[in-house]
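A.B. asks: The opening residue of the sequence shown carries number 26 in this note's numbering; numbering runs sequentially from there.
Glycine residues also receive a C-beta, built at the ideal position from the N, C-alpha and C atoms.
No experiment lies behind these values; they were computed from the predicted model shown.
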Amino acid sequence: MVYRWLKMGELLVEFGAIAPGQIEVILQRMKVLGLRFGETGIELGFYDEEILARVLARQFGLEYVDMASFHPDPELLDQLPEDLTLRFGVVPLQRTDKGVVVATADPTDIDRLDQLKWAVSVPVLYKVAAKSHILRHVAGSQTITGEALESTLEKFRSIPDDALEEDKDLLAGEQPDAEHSPVIKLIDTTLVDALSKRASDIHIESGPQGVTVKYRIDGVLSRAMEPLDRRFQGPIISRIKVMSELDISERRIPQDGRFKSRIGGRSIDFRISILPSSYGEDAVIRILDKGNIAADLKGLSLEALGFNQRELKRFRKQIRAPYGMVLVTGPTGSGKTTTLYAALGEIHTEQEKIITIEDPVEYQVPGIVQVPVNEKKGLTFARGLRSILRHDPDKIMVGEIRDSETAEIAVQSALTGHLVFTTVHANNVFDVLGRFLHMGLDPYHFLSGLNMVLAQRLVRKICPHCKEQVHYDPSVLSRAGLDSELYGKRAFYEGRGCEHCHGLGYSGRSAIVELLEVNDELREMIIGRAAVGQLREYAARMGTVFLRQAALEKVFEGITSLPEINRVTFVEGESTL
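(1) Please return the same chain residues whose Cβ sits closer than 8 Å to the Cβ of Lys378, not counting the five positions on each side in sequence.
(2) Write down every uninterrupted run of the beta strand (DSSP E) in the stretch 258-297 whose length is 3 residues or greater and which is fully enclosed by it, in chain order.
(3) Compare the beta carbon distance of Leu138 and Val125 with 9 Å and say whether it is the shorter of the two.
(4) Alpha carbon to alpha carbon, how far is Lys486 from Ser326?
(5) Closer than 6 Å by C-beta to Leu253: which residues in its own chain qualify, once you throw out the five before and the five after it? Chain order, please.
(6) Leaving out the 5 sequence neighbours to the left and right, which residues in its chain are closer than 7 Å to Met268 when beta-carbon positions are compared?
(7) Just mark Arg482 as buried or exposed, buried being the case when its beta carbon has 16 or more other beta carbons within 10 Å.
(8) Report the residue from Phe40, Phe71 and Pro99 whose alpha carbon sits nearest the alpha carbon of Arg54.
(9) According to DSSP, is Met250 part of a helix, a strand, or is it coil?
(10) What three-state label does DSSP hand Ala564 in the structure shown?
(11) So within the stretch 381-463, which uninterrupted beta strand (DSSP E) runs reach at least 3 residues, ignoring any that extend past its ends?
(12) Please classify Leu587 as buried or exposed, where buried requires at least 16 neighbouring CB atoms within 10 angstroms.
(13) Hey, Val116 and Pro97: beta-carbon distance below 9 Å or not?
(14) Tell me Thr129's beta-bridge partners as DSSP assigns them.
(15) Taking Ser225 as the reference, give the member of Ile209, Arg341, Ile242 and Pro233 with the closest Cα.
(16) Around the C-beta of His158, are 16 or more other C-beta atoms found within 10 angstroms, so that it is buried, or is it exposed?
(17) With 16 other CB atoms within 10 Å as the buried threshold, where does Gly41 fall?
(18) Just to confirm, are Val21 and Ala451 a CB contact at a threshold of 9 Å?
(19) Taking Glu539 as part of the beta strand (DSSP E), name the residues at either end of that continuous run.
(20) Excluding five sequence neighbours on each side, which residues of the same chain lie with their C-beta closer than 8 Å to the C-beta of Met550?
(21) Would you call the stretch 570-586 in contact with the stretch 363-375, where contact means no fewer than 3 C-beta pairs closer than 8 Å?
(22) Please return the same chain residues whose Cβ sits closer than 7 Å to the Cβ of His470, not counting the five positions on each side in sequence.
(23) Provide the residue span of the alpha helix (DSSP H) that contains Asn476, from first to last.
(24) In three-state terms, what does DSSP make of Met92?
(25) Output the distance between the C-alpha atoms of Glu383 and Glu39, rounded to the nearest integer angstrom.
(26) So Leu141 packs on Phe113, CB below 8 Å; how close in whole Å?
(27) For the alpha helix (DSSP H) containing Pro588, list its first residue and its last residue.
(28) For Pro117, list the residues DSSP reports as bridge partners.
(29) In three-state DSSP terms, what is His158?
(30) Cα separation between Glu251 and Thr357?
(31) In terms of residues, what are the limits of the beta strand (DSSP E) holding Thr237?
(32) Quick one: which unbroken beta strand (DSSP E) runs of 3-plus residues sit fully inside the stretch 494-533? Chain order, please.
(33) For the putative contact between Thr448 and Thr354, defined by C-beta atoms under 8 Å, what is the C-beta separation to the nearest angstrom?
(34) On a Cα-Cα basis, can you pick out the residue from Lys156, Lys514, Cys488 and Ala346 that is closest to Cys523?
(35) Check whether the Cβ atoms of Val423 and Met477 lie closer than 9 Å to each other.
(36) Give a yes or no on contact between the stretch 263-278 and the stretch 293-305, applying the rule of three or more CB pairs nearer than 8 Å.
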């Protein structure tokens, strides 16, 4: 492997892209950045993607192709699988007597290219192009995945019962020609379609009307297709079980599994949960796109998450404290872990050791020691946290506090000179305090170690392409806790739905937060069992803006809509804004 990097370095020197001494610089930075040699050089600004593509072509004896103004041949695309570009991250260039010529940005990915040969069933010839040019065509191919899915569904609905029985046998045996199975084709196309629409989960639900497939996009479920006949339920669930190596004969108990796939040149993790229901088995497929996660993490910042300057200033002060505990709370999927990683990214230096323990480790961060929980092997949060403390850390992140033992160790760590970041499930900043105290912790010790609590939710952002002004009736404003006389003439916004947002009217999400800084006076009030109303009044005087108020600010700025904030926050009386 080192020889291969050195060979690439020599070629880059020949091209005049780098100086000989810079080879060693790239090799050293590779370990820190967690990237490959060529990508590291681009990250350091030594050369661009086009130079790297030319060097890769020279190294592997292939031809370089400039795709800056290339337009795919529609006739050629019709002869190939609809999702070829998105699944394999290649662009078909032409068809010759020797086979199909495709452009790739990574000729080193042998496994993916072997799968490509199997998918097209003809010899494949390769050329090398710049990664950005390939990704532009991959992004363009995503617009046709919906059509590909509908085409597959039309064929699928016309399958006779005897063909479904053959599919069941095929799935059980996983024969070599499995790619031609209509059930397999449906699942594969659905996975690609969900990925192109930025879905985080796929829900397959059985009911009296048939099998319903839904995508969770930006935290909200939407139907992906018309319900399928109930006769398809068995083969679909069987296929999912085969992919995740579960027992296809067991239908009475829940099962969990996982599998990996390469789509669009990216490695995608899929986590499977099978649950028996009244009408058969249901499935949820969790999509973990590590490529997108890595890209998001690279540019991750608290500003990008939606923090405004008021909360940013207070939050940054607390995450730079020498010791204590920083608590982030919210429901599942509210972005708690992402916020903690953004915080760690801001304070991470090579002068301090940061160790995390998580279940699971979803973000891979160079320079940070990350420990995955493995309860089957006895590695729990509590046991892992004890071991972490023996590794001389400066800062610790505990993915989630689930029990009193973990909470006790985390508090002791905060009291003995460590800065501890952690999350817990609670509805608001004051519920967190009650949650910890009910775990049996000593109130004085817990509050002495606690620096701040951040409660968080995610609201969907209005799609900028179809954003339009709307006006609400006084009754709508009243239900939202707004005075119709004050806000009746104010402009509000919603998205009407377009091709860019797949008809949803929203694209992306932004965080709303309420931040409570814990000082001596607040500690005394809590230990003295002050009423929650008194605590809220004191927190408001100290600068805390509660979730509903933060959400309304996003509405007035035109970032999100009134119906959206009503979905994620409670109306607590009339707004004071």
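C.D. replies: For this structure:
(1) Non-local C-beta neighbours of Lys378 in its own chain, meaning closer than 8 Å and more than five positions away in sequence, comprise Val394, His416, Asp417, Pro418, Asp419 and Lys420, ordered along the chain.
(2) As far as the stretch 258-297 is concerned, its whole beta strand (DSSP E) runs of at least 3 residues are 280-288.
(3) No; because the gap between Cβ atoms is not below 9 Å, this pair is not in contact.
(4) Going from the Cα of Lys486 to the Cα of Ser326 covers about 17 Å.
(5) Excluding sequence neighbours, Leu253 sits near Gly235 and Val236.
(6) Correct list, in chain order: Phe284.
(7) Only buried fits Arg482, as 16 or more other CB atoms lie within 10 angstroms of its CB.
(8) Looking at the Cα atoms, Phe71 is the closest of the given residues.
(9) In the structure shown, Met250 adopts coil according to DSSP, grouped into three states.
(10) Reduced to three states, the DSSP call for Ala564 is helix.
(11) Listed in chain order, the complete beta strand (DSSP E) runs (minimum 3 residues) inside the stretch 381-463 are 394-397, 420-423 and 444-449.
(12) Its Cβ being crowded by 16 or more others within 10 Å, Leu587 is buried.
(13) Pro97 is positioned such that its CB atom lies closer than 9 Å to that of Val116.
(14) Under DSSP, Thr129 shares a beta bridge with Val153.
(15) Comparing Cα-Cα distances from Ser225 to each of Ile209, Arg341, Ile242 and Pro233, the minimum goes to Ile242.
(16) That one is buried.
(17) Exposed, by the Cβ-count rule.
(18) Outside the shown range of the chain, which is 26 to 602, sits residue 21, and nothing can be said about it.
(19) Here the beta strand (DSSP E) through Glu539 covers Tyr531 to Glu542.
(20) Correct list, in chain order: Gln559, Leu560 and Tyr563.
(21) Too few Cβ pairs lie closer than 8 Å, so no.
(22) Closer than 7 Å at Cβ, skipping near neighbours: Val436 and Leu440.
(23) No alpha helix (DSSP H) holds Asn476; the beta strand (DSSP E) holding it covers Leu475 to Ile487.
(24) DSSP places Met92 outside both helix and strand once states are collapsed to three, so it counts as coil.
(25) Distance between the alpha carbons of Glu383 and Glu39 is about 45 Å.
(26) Confirmed, Cβ separation roughly 5 Å.
(27) From DSSP, the alpha helix (DSSP H) with Pro588 extends over Leu587 to Val593.
(28) Note: Pro117 sits in a beta bridge opposite Val127.
(29) His158 sits in a helix when the DSSP states are folded into three classes.
(30) Approximately 28 Å, taken between the alpha carbons.
(31) Residues Gly235 to Ile242.
(32) Every unbroken stretch of the beta strand (DSSP E) spanning 3 or more residues and falling wholly within the stretch 494-533 is given here in chain order: 517-520.
(33) Approximately 7 Å separates the beta-carbon atoms of Thr448 and Thr354; this is inside 8 Å, confirming the contact.
(34) Ranking Lys156, Lys514, Cys488 and Ala346 by Cα distance to Cys523 puts Cys488 first.
(35) Between Val423 and Met477, the C-beta spacing is not below 9 Å.
(36) Yes: the two stretches touch, three or more of their Cβ pairs being nearer than 8 Å.
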